[in-house]
DNA sequence: AATTGCATAACTGTATACAATTGCTTTTAG
DNA sequence: CTAAAAGCAATTGTATACAGTTATGCAATT
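Protein chains in written order, with this note's numbering: chain A, 1 to 226; chain B, 227 to 452.
So this is what it looks like as structure tokens:
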């Protein structure tokens with residue numbers, strides 16, 4: 001998610017960071033593709049300095065890999081990575097959900113209810129993209145409520161990496177959309193009832209279900225492109 | 227040709243990263259202290275370029291904070307941060323422990339047994355520093371066995387941040403050392419018995435117990451220095 | 001004395017220049 | 001003809017120069 005441009009001035013380095021990241025997520029820069037600082041610099045018509053700093057951030061985030069000789073390439077994708085990402089996310093999303101359930105105000109509950117309704121509506125209209133987007137907003141709002149900056153920062157970075165895989169999943173898996181909507185409904189109920197154990201458990205299961213839905217199509221993609 | 231040396235070779239940027247990080251952990255650079263690129267550069271007798279890149283890595287790791295005006299300061303410490311760190315660590319350490327329990331070879335088990343014995347011996351000799359160090363090696367070895375690169379990378383970064391707080395804890399809390407040794411013994415048993423549920427649970431509890439042991443002394447320190 | 005405005009200093013952001021390393025091609029010894 | 005090596009090209013690492021921004025101190029004004 002891109003911070004609003006109006007609220008804070010962004011340096012060239014920051015803009016480049018978001019730009020390259022987006023290219024990696026969208027597959028414009030493909031897994032394992034080698035990265036050249038100078039060609040990126042001339043392409044964006046700036047010097048190498050901000051490019052280097054943006055790339056280093058992406059390297060820290062593991063969207064870019066540094067080879068032993070110092071050169072860079074776009075990080076590969078793999079079934080193992082997806083599983084790792086979802087296993088870690090499952091725990092951390094569960095944690096923030098638990099904390100949010102305990103700390104949410106009545107106003108927060110109202111907001112969560114609205115997001116849930118948007119998800120349900122989108123799924124009934126077979127708008128999978130909307131289900132995913134409102135789902136993200138729902139999750140992000142939970143991060144906010146939890147006020148857990150450490151978990152939130154990690155989750156945001158992991159979610160960027162997950163985005164690469166979402167692109168590979170089928171664009172109209174309505175069955176999964178409906179299931180996801182159902183899961184969010186149950187999740188919201190648990191949160192609204194202040195049942196943090198149940199909420200944490202449901203969130204973990206929700207993440208794992210997303211993984212299972214995604215895995216087969218990803219495996220297929222990886223097999224076709226090796 | 228000397229391939230072993232060339233692969234080990236670290237750039238100035240990397241060395242500076244470790245050096246500044248160490249200074250922050252040891253408290254030579256104090257929480258909230260403002261950081262000046264140029265003075266660091268002249269102090270280490272290098273240019274600003276590698277300093278900037280090292281600082282950016284530390285910023286990503288949240289050991290350094292960037293103010294809205296672009297200037298940097300050493301990240302503050304707080305009770306809230308400790309709690310967040312331990313809550314996240316608890317879950318991730320539990321995850322890698324579970325995975326390690328499933329995947330460990332007989333040789334791995336032997337190695338873990340040795341580390342456990344070293345911890346027990348150190349605690350009986352009232353060598354708290356050794357208890358902490360062997361404890362770290364035990365944990366790091368679990369990371370290795372788990373082969374979970376995502377969790378390992380996150381844990382290593384979190385552990386750097388935790389190190390700052392360890393420095394504030396009393397240097398000779400032998401009661402806690404003995405308790406930690408006992409916990410590691412039980413943990414090893416669960417791992418050796420391939421009881422991954424129990425191992426995960428014990429590891430989570432172990433981390434939470436460390437937090438509770440550390441929290442009071444940290445609270446005291448924060449109170450005395452505000 | 002407090003406040004505003006301006007000048008200047010201090011600092012970060014970006015560009016460019018240069019050094020060091022790596023990869024590649026060609027040459028040359030066997 | 002093969003393989004090591006020399007030389008060149010491409011690329012990253014570091015230093016320096018310059019531009020832009022923010023903070024600071026001082027003077028003027030009320």
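Glycine residues also receive a C-beta, built at the ideal position from the N, C-alpha and C atoms.
- In terms of Cβ geometry, residue 242 of chain B and residue 276 of chain B form a close pair [threshold 8 Å].
- Under the three-state reduction of DSSP output, residue 107 of chain A falls in the helix class.
- Sequence-distant Cβ neighbours of residue 101 of chain A in its own chain, meaning closer than 8 Å and more than five residues away, are 190, 191, 194, 195, 196, 199, 200.
- As the crow flies, the alpha-carbon of residue 186 of chain A is around 42 Å from that of residue 402 of chain B.
- Take the alpha-carbon of residue 152 of chain A and the one of residue 89 of chain A: they are about 11 Å apart.
- Note on residue 206 of chain A: 16 or more other CB atoms within 10 angstroms of its CB, so buried under the neighbour-count rule.
- Annotation: the continuous beta strand (DSSP E) that includes residue 72 of chain A extends over 72-74.
- The DSSP-derived three-state label of residue 52 of chain A is helix.
- By a beta-carbon distance limit of 8 Å, residue 279 of chain B contacts residue 56 of chain A. Their separation comes to about 6 Å.
- Taking a Cβ-Cβ threshold of 8 Å, the residues of chain A close to residue 283 of chain B are 56, 60, in chain order.
- The C-beta separation of residue 367 of chain B from residue 341 of chain B comes to about 6 Å, placing the pair in contact by the 8 Å criterion.
- If you check the CB distance, residue 169 of chain A and residue 131 of chain A do not come in under 8 Å.
- As computed with DSSP, residue 35 of chain A is found in a beta bridge with A/72.
- Residue 448 of chain B and residue 355 of chain B have their C-alpha atoms roughly 23 Å apart.
- Contact note: residue 148 of chain A reaches chain B through 310, using a C-beta cutoff of 7 Å and chain order.
- About 11 Å separates the CB atoms of residue 364 of chain B and residue 348 of chain B; that is not less than 8 Å, and the two are not in contact.
- The alpha-carbon separation between residue 259 of chain B and residue 284 of chain B amounts to approximately 14 Å.
- The Cβ of residue 53 of chain A sits closer than 8 Å to at least one Cβ of chain B.
- With fewer than 16 other CB atoms across the displayed protein chains lying within 10 angstroms of its CB, residue 244 of chain B is exposed.
- Inter-segment contact for the segment 247-265 of chain B and the segment 21-28 of chain A is absent: fewer than three beta-carbon pairs are separated by less than 8 Å.
- Residue burial annotation: residue 79 of chain A is exposed, with fewer than 16 other C-beta atoms found within 10 angstroms of its C-beta.
- Within chain A, 84, 87, 88 have C-beta atoms less than 8 Å from the C-beta of residue 377 of chain B, given in sequence order.
- The closest CA to that of residue 385 of chain B, considering only B/371, B/307, B/428, B/409, is found on B/307.
- At a C-beta separation below 8 Å, residue 380 of chain B has these neighbours in chain A: 88, 154.
- At a cut-off of 8 Å between beta carbons, residue 10 of chain A makes no contact with chain B.
- Residue pairing by DSSP puts residue 292 of chain B in a beta bridge opposite B/298.
- The Cβ atoms of residue 329 of chain B and residue 371 of chain B sit closer than 8 Å to each other.
- Residue contact check for residue 92 of chain A against chain B: a CB pair falls below 8 Å.
- Contact of residue 321 of chain B with chain A is assigned, a C-beta pair being separated by under 8 Å.
- Secondary structure within the segment 383-427 of chain B: the alpha helix (DSSP H) runs of 4 or more consecutive residues, fully enclosed, are 400-418 (chain order).
- Put simply, the backbone Cα of residue 291 of chain B is about 6 Å away from that of residue 298 of chain B.
- Looking only at A/36, A/29, A/48, the smallest Cα-Cα distance to residue 12 of chain A is reached by A/48.
- For residue 128 of chain A, the enclosing alpha helix (DSSP H) stretches over residues 128-146.
- Contact between residue 312 of chain B and residue 434 of chain B holds: their C-beta atoms lie close to 7 Å from each other, under 8 Å.
- Distance from residue 387 of chain B to residue 317 of chain B at the Cβ level is roughly 16 Å; contact not present, criterion being Cβ atoms closer than 8 Å.
- Taking 8 Å as the cut-off, the Cβ atoms of residue 310 of chain B and residue 429 of chain B do not count as close.
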